[in-house]
């Protein structure tokens, strides 16, 4: 048995933080090695598989943010007592949050390797999670509508298009008296765009949704909708080969006809807490949740 364990001092980090911990090597019999090293890496990478009948083509691309290698030992002999190495690295300031998508990833890792000549190297890799918090940018109210014969049959409003992950997204909608629907569907959607050297792909996913049956909708009156977000939702970002953005999609579920929808772009991210006095604006609709 030959194994590597990497233990860090925290579960979550911010840009410019130091990462400290120990790399522990255990074994049950003596063996020779050529070198022992630990690599701290940050990168974004994309991977898309395109099917062509019974065959497939894999397209990939990568951008490395940083790669720091710590040489721990040269050639030597590992005894049954094993070894322990303390390490310390530091994140750069200008890195984005960790991200795991469908065709793209932003990853920070620690990889420990024991190099051997006549046998397979012993290797262990662990993720190091990063959450980037930023000052909340200026926001503005949003309005969208669907019209029929020059008159709105659906109105949607948001008082704040900048939304913190972990907070409620507040919006409201109003349906006209004479439109026939089965209900109204509200979705928080994420749009991932991943690029390789040859192609660009877009993938949509639903992060949260609500549905209002027609029988529960009071026509001509505003209906408040709080959409719940959680820490597993991706924040908005745009990098060289990978990006993600969010928007609210509100759909009239129309019987025996094509559904009608409107999209409202929003900015979703991890934002620093603002003073209470800065959280209310002149366009405050006075909603209470």
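Residue numbers (this note's numbering): 2 to 290.
Backbone N, C-alpha and C fix where the C-beta goes; we use that ideal spot for every residue, glycine too.
Beta-carbon gap between residue i and residue j smaller than 8 Å
i           : j           : result
residue 245 : residue 130 : no
residue 163 : residue 136 : no
residue 103 : residue 28  : no
residue 19  : residue 89  : yes
residue 86  : residue 23  : yes
residue 177 : residue 220 : yes
residue 248 : residue 190 : yes
residue 34  : residue 79  : yes
residue 157 : residue 172 : yes
residue 94  : residue 44  : no
residue 110 : residue 68  : no
residue 187 : residue 229 : no
residue 254 : residue 183 : yes
residue 256 : residue 149 : no
residue 166 : residue 155 : no
residue 16  : residue 96  : yes
residue 262 : residue 250 : yes
residue 202 : residue 50  : no
Beta-ladder partner(s) of residue i, from DSSP
i           : result
residue 63  : 46
residue 134 : According to DSSP, which records beta bridges pairwise, residue 134 is partnered with nothing at all.
residue 19  : 91
residue 265 : 249
residue 171 : 227
residue 162 : The partner list for residue 162 (beta bridge, DSSP) is empty, contrary to what the question assumes.
residue 85  : 25
residue 70  : 40
Cβ separation of residue i and residue j, assumed to be a contact under 8 Å, to the nearest whole Å
i           : j           : result
residue 132 : residue 46  : With a Cβ gap of about 20 Å, residue 132 and residue 46 do not count as contacting.
residue 197 : residue 61  : 6 Å
residue 38  : residue 70  : 6 Å
residue 64  : residue 241 : 5 Å
residue 145 : residue 265 : 5 Å
residue 7   : residue 113 : 6 Å
residue 115 : residue 5   : 7 Å
residue 105 : residue 243 : 4 Å
Unbroken beta strand (DSSP E) run spanning residue i, endpoints
i           : result
residue 106 : 105-116
residue 141 : Per DSSP, residue 141 belongs to no beta strand (DSSP E) and is neither H nor E.
residue 194 : 184-196
residue 210 : 201-214
residue 8   : 3-9
residue 247 : 243-254
residue 273 : Premise fails: residue 273 is in no beta strand (DSSP E) and is neither H nor E.
residue 123 : 123-128
residue 234 : No beta strand (DSSP E) contains residue 234, which DSSP labels as neither H nor E.
residue 152 : 152-159
residue 77  : 77-79
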